[in-house]
Amino acid sequence: MIYVMSDIHGNLKRFHSVMRQIRLTSSDTLYVLGDVIDRYPDGIRILKRIRSMENVKLLLGNHEYMMLCLLDETYDTSGETYEQRRFRWYKNGGKVTHDHLKHMRKSMRQELFDYLKLLPLQYDIDIDGRRYVLVHAAPAELFSHAGTSCADVRRFAVWDRKSIFDTLPDSYTLVFGHTPTNRFQPGNPLKIWHGDRRIGIDCGCGFPDPGSDASEQGRLACLRLDDMREFYSE
233 MIYVMSDIHG NLKRFHSVMR QIRLTSSDTL YVLGDVIDRY PDGIRILKRI
283 RSMENVKLLL GNHEYMMLCL LDETYDTSGE TYEQRRFRWY KNGGKVTHDH
333 LKHMRKSMRQ ELFDYLKLLP LQYDIDIDGR RYVLVHAAPA ELFSHAGTSC
383 ADVRRFAVWD RKSIFDTLPD SYTLVFGHTP TNRFQPGNPL KIWHGDRRIG
433 IDCGCGFPDP GSDASEQGRL ACLRLDDMRE FYSE
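In this note's numbering, the protein residues as written are 233 to 466.
Following this line, the structure appears as structure tokens:
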């Protein structure tokens, strides 16, 4: 079976809840479409677990991208100052991740960064003759005619926001995270959005826990592409 999830955002409780439900076996594959870190405190722990699992494949998300741009001097090409890059990452919930990294040995940090720098921007898979393109935010092939302000294709692929009105090629169904699904449909708690040859699976796992003052109820979602069964953190 083929599973996809995205935007875990360091929420170990919600991650464990979904993993218990899908009961991943050695013959299954789980694709995680980026943004494992930030906002909740266990992003690095979840990254380490994902890295150790042979049947879990990870994409680069904009939160991993922000971390690398700030902390690996060979990675950033924006021309921004360190303070500007730190402000952007912290504004998006990165401080809790940075605080965790400060307690790691430099060699372990660098191993993690090297792993993240090699992550792809998308996966193309086929299930029963149907093609799916899995991305964090947007397919790289759309960069050249997207009319975007992003300076390069990598930044575009992890930052672009998809609209229900965007034109996509007819040859595949796009599965993406990054943009919470309440941008496309009403409903509380958030649920997976099925559009025209596009599926949004970011259901706000990084939102505050229930019981807070937040009006939007987020949760971690996982979709099994073989039969479109949906799983949600409890």
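Just so you know, even glycine gets a beta-carbon here, dropped at the ideal spot from N, CA and C. No experiment lies behind these values; they were computed from the predicted model shown.
Reduced DSSP secondary structure (H/G/I, E/B, other) of Phe416: Taking the sequence shown and counting its residues from 1, one reaches residue 416 at position 184. The DSSP-derived three-state label of Phe416 is coil.
For Arg320 and Arg271, I'd like the C-alpha separation in whole angstroms. Residue 320 sits at position 88 when you count from the first residue of the sequence shown. Residue 271 sits at position 39 when you count from the first residue of the sequence shown. Using only the alpha carbons, I get a separation of about 13 angstroms.
For Glu315, name the three-state secondary structure that DSSP assigns. Position 83 of the sequence shown, counted from the start, is the residue given in the question as residue 315. In the three-state scheme derived from DSSP, where H, G and I count as helix and E and B as strand, Glu315 is classed as helix.
Cutoff 8 angstroms; reference Gly450; Cβ partners in own chain excluding five residues on either side: Residue numbering aside, residue 450 sits at position 218 when the sequence shown is read from its first letter. So the qualifying residues of the chain are Pro412, Pro421, Leu422, Cys435, Gly436, Cys437, Gly438, Phe439, Pro440.
According to DSSP, Tyr464 sits in a beta bridge with which residue or residues? Along the sequence shown, read from residue 1 onward, the residue named residue 464 stands at position 232. Beta-bridge pairing links Tyr464 to Ala453.
Can you check whether the CB of Val385 is closer than 8 angstroms to the CB of Leu291? Position 59 of the sequence shown, counted from the start, is the residue given in the question as residue 291. Position 153 of the sequence shown, counted from the start, is the residue given in the question as residue 385. Not in contact: Leu291 and Val385 (Cβ atoms no closer than 8 angstroms).
Measure the C-alpha to C-alpha separation of Leu353 and Asp346 and round it to an integer number of angstroms. On the sequence shown, position 121 is the one that residue 353 refers to. On the sequence shown, position 114 is the one that residue 346 refers to. Rounded to the nearest angstrom, the two C-alpha atoms are 15 angstroms apart.
Where Val236 and Arg283 are concerned, what is the direct C-alpha to C-alpha distance, given to the nearest angstrom? Taking the sequence shown and counting its residues from 1, one reaches residue 236 at position 4. Taking the sequence shown and counting its residues from 1, one reaches residue 283 at position 51. Here the alpha carbons of Arg283 and Val236 stand approximately 16 angstroms from one another.
Suppose contacts are defined by Cβ-Cβ distances below 8 angstroms. Is Arg362 in contact with Asp356 by that definition? Working through the sequence shown from its first residue, we reach residue 362 at position 130. Working through the sequence shown from its first residue, we reach residue 356 at position 124. At the C-beta level, Arg362 and Asp356 stay beyond 8 angstroms of one another.
Taking CB distances under 8 angstroms as the criterion, tell me whether Lys245 reaches chain D. Judged by its chain identifiers, the structure shown contains no chain D, having just a single protein chain.
What does a CB cutoff of less than 6 angstroms around His426 pick up in its chain, not counting 5 residues either side in sequence? In the sequence shown, residue 426 corresponds to position 194, counting from 1. If we look at His426 and ignore the five residues flanking it on each side, it has no Cβ neighbours.
Is the CB-CB distance between Pro406 and Arg429 below 8 angstroms? Indexing the sequence shown from 1 puts residue 406 at position 174. Indexing the sequence shown from 1 puts residue 429 at position 197. It is Leu, not Pro, that sits at residue 406 in the sequence shown. Closer than 8 angstroms, so yes.
Short of 8 angstroms in beta carbon distance, which residues of its chain neighbour Tyr314, apart from the five on each side in sequence? Order them along the chain. Along the sequence shown, read from residue 1 onward, the residue named residue 314 stands at position 82. Hits under 8 angstroms: Leu302.
By the 10 Å Cβ neighbour count, where 16 or more other Cβ atoms means buried, how is Arg387 classified, buried or exposed? Numbered from 1 along the sequence shown, position 155 holds the residue referred to as residue 387. Around the beta carbon of Arg387, 16 or more other beta carbons sit within 10 angstroms, so the residue counts as buried.
At what residues does the alpha helix (DSSP H) containing Gly275 begin and finish? One-based indexing of the sequence shown puts residue 275 at position 43. That run of the alpha helix (DSSP H) goes 275-284.
Take Arg393 and list the residues in its own chain whose beta-carbon comes closer than 6 angstroms to its own, dropping the five residues that flank it on each side. By one-based count along the sequence shown, residue 393 stands at place 161. Within the same chain, Cβ atoms closer than 6 angstroms to the Cβ of Arg393 are found at Thr411, the five residues on either side in sequence being excluded.
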